[in-house]
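**Q** In our numbering, the protein residues as written are 822 to 1105.
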């Protein structure tokens, strides 16, 4: 990737916290359906035996007494649409977690995070200096397996030939597997997060080394004051080349904009050009 507008580590983690909380909230609302309406869903035998009984009401009352939601329209089986929704909801949680694990892995590689080594932990069979991000790699592997199974289950289970075929019977026996892999992934990810320490010096070093990230602010203020080719000017100054903060300040000094606007731009530095990141992180 290339340097972009600065942010804070807290805001980046808040992004994931918000995404996960949204998906967990949806997952917690998953519906669990059941049926009690006869062999093919029409109460045939029930009505033959007790024609005066209000079978739909009896069925609903009994199914709901078990903590389930009654599905009045079924074939020989409850059609499993709710299981597809359940799997898709968990799949989205796993997808967000996978994104988090990969990003953390990258941050560790860049040196943005240090990992506290556990006593007695072997980092590498031949390279004792290494502290590998094994918890995030373990989580990533389990999330991959879980996601593949959840996707298959969500696609397969709602499909059944005519009244039903038995493919759902063998498929349903695997429903617990992705739940187990997802749980292992959560535990691994939490274990890995607990070992992390942000390397403030390394983060500061990267920010200071890339003053060109201020080009966004400069060209936006230029546009505010009617400079039509603001983007092109900044592109010519910064794209594909490294510039020093002094060079950017010299460019700002020559701009035909109000003095107070020039002063605000000149006072900017990559370390404080973070917008509302701190506030957004604290309000999560």
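Glycine included, C-beta positions come from ideal geometry on N, C-alpha and C.
1) Of all the options 923, 863, 871, which has the alpha carbon lying nearest to the alpha carbon of residue 1013?
2) On the criterion of 16 or more Cβ atoms from any shown chain inside 10 Å, does residue 931 qualify as buried, or is it exposed?
3) Whole angstroms are fine: how far does the CA of residue 1003 sit from the CA of residue 963?
4) Tell me the DSSP bridge mates of residue 936?
5) For residue 1102, does the count of other Cβ atoms within 10 angstroms reach 16, so buried, or fall short, so exposed?
6) Could you tell me the boundaries of the alpha helix (DSSP H) in which residue 991 lies?
7) Nearest by alpha-carbon distance to residue 972: which of 983, 998, 986 is it?
8) Less than 6 Å between C-beta atoms, sequence neighbours within five positions excluded: which residues of the same chain meet that for residue 1064?
9) With burial defined as no fewer than 16 other Cβ atoms inside 10 Å of the residue's Cβ, what is the status of residue 936: buried or exposed?
10) Please classify residue 934: is it buried, with 16 or more other beta-carbons within 10 angstroms of its beta-carbon, or exposed?
11) Just tell me which of 1056, 974, 928 has its CA closest to the CA of residue 957.
12) Does the distance from the CB of residue 876 to the CB of residue 858 come in under 9 Å?
13) In angstroms with no decimal places, state the Cα-to-Cα distance between residue 852 and residue 966.
14) Tell me where the alpha helix (DSSP H) around residue 839 begins and ends.
15) Which parts of the segment 854 to 933 are runs of the alpha helix (DSSP H), unbroken and 4 residues or longer, counting only runs that do not cross its ends?
16) Could you give the C-beta distance for residue 1086 and residue 1042, rounded to a whole number, given that I count them as a contact under 8 Å?
17) Can you tell me the Cα-Cα spacing of residue 1100 and residue 832, whole angstroms?
18) Compare the C-alpha of residue 828 against each of 874, 916, 994, 1035 and name the closest.
19) Among the candidates 1048, 841, 1040, whose CA atom is the shortest distance from the CA of residue 917?
20) So residue 978 and residue 901 are supposed to be a Cβ contact under 8 Å. How far apart are they, rounded?
21) CB-CB under 6 Å to residue 1016, same chain, minus the five flanking residues each way: which ones, in chain order?
22) Between the segment 1070 to 1080 and the segment 1043 to 1062, do three or more beta carbon pairs fall short of 8 Å?
23) Note down, in chain order, each residue of its chain lying with its Cβ closer than 8 Å to the Cβ of residue 1020, except the 5 sequence neighbours on either side.
24) Between the C-alpha atoms of residue 1040 and residue 1055, what's the straight-line distance to the nearest angstrom?
**A** Taking the coordinates as given:
1) Start at 1 with the first residue of the chain shown, and residue 1013 comes out as number 192. Residue 923 is the option with its Cα nearest to residue 1013.
2) Numbered from 1 along the chain shown, position 110 holds the residue referred to as residue 931. With fewer than 16 other Cβ atoms within 10 Å, it is exposed.
3) One-based indexing of the chain shown puts residue 963 at position 142. One-based indexing of the chain shown puts residue 1003 at position 182. Their Cα atoms are separated by approximately 7 Å.
4) Numbered from 1 along the chain shown, position 115 holds the residue referred to as residue 936. Beta-bridge pairing links residue 936 to 1017.
5) By one-based count along the chain shown, residue 1102 stands at place 281. That one is buried.
6) Your numbering for residue 991 matches position 170 in the chain shown. Taken as a continuous stretch (DSSP letters only), the alpha helix (DSSP H) holding residue 991 covers 988 to 993.
7) To locate residue 972, count along the chain shown from 1; it is residue 151. Nearest C-alpha to residue 972: 998.
8) The residue labelled residue 1064 in the question sits at position 243 within the chain shown. Excluding residues within five positions, the ones whose Cβ falls inside 6 Å are 1033.
9) If you number the chain shown from 1, residue 936 lands on position 115. By the 10 Å Cβ count, residue 936 comes out buried.
10) Position 113 of the chain shown, counting from 1, holds the residue named residue 934. Per the 10 Å Cβ criterion, buried.
11) For the purposes of this step, residue 957 is identified with residue 136 of the chain shown, where counting begins at 1. Nearest option by C-alpha distance: 928.
12) For the purposes of this step, residue 876 is identified with residue 55 of the chain shown, where counting begins at 1. For the purposes of this step, residue 858 is identified with residue 37 of the chain shown, where counting begins at 1. Taking 9 Å as the Cβ cut-off, residue 876 and residue 858 qualify as a contacting pair.
13) Start at 1 with the first residue of the chain shown, and residue 852 comes out as number 31. Start at 1 with the first residue of the chain shown, and residue 966 comes out as number 145. Using only the alpha carbons, I get a separation of about 24 Å.
14) Here residue 839 refers to the residue found at position 18 when the chain shown is read from its first residue. Where residue 839 is concerned, the enclosing alpha helix (DSSP H) stretches over 830 to 849.
15) Counting whole runs of 4 or more residues, the segment 854 to 933 contains the alpha helix (DSSP H) stretches 865 to 870, 876 to 886, 902 to 931.
16) The residue labelled residue 1086 in the question sits at position 265 within the chain shown. The residue labelled residue 1042 in the question sits at position 221 within the chain shown. Indeed, because the Cβ distance is near 6 Å, the residues count as touching under 8 Å.
17) By 1-based counting over the chain shown, the position of residue 1100 is 279. By 1-based counting over the chain shown, the position of residue 832 is 11. Distance between the alpha carbons of residue 1100 and residue 832 is about 8 Å.
18) By 1-based counting over the chain shown, the position of residue 828 is 7. Residue 828 has its Cα closest to that of 1035, out of 874, 916, 994, 1035.
19) Within the chain shown, the letter at position 96 stands for residue 917. Measuring from the Cα of residue 917, the nearest candidate turns out to be 841.
20) Indexing the chain shown from 1 puts residue 978 at position 157. Indexing the chain shown from 1 puts residue 901 at position 80. Correct: roughly 4 Å between the Cβ atoms.
21) As a first step, residue 1016 must be located in the chain shown, where it is residue number 195. So the qualifying residues of the chain are 936, 937.
22) yes
23) Translated into positions along the chain shown, residue 1020 becomes position 199. If you ignore the 5 residues before and after residue 1020, its C-beta comes within less than 8 Å of the C-beta of 932, 933, 934, 935, all in its own chain and listed in chain order.
24) Taking the first residue of the chain shown as 1, we reach residue 1040 at position 219. Taking the first residue of the chain shown as 1, we reach residue 1055 at position 234. If I take the Cα positions, the gap works out to 7 Å.
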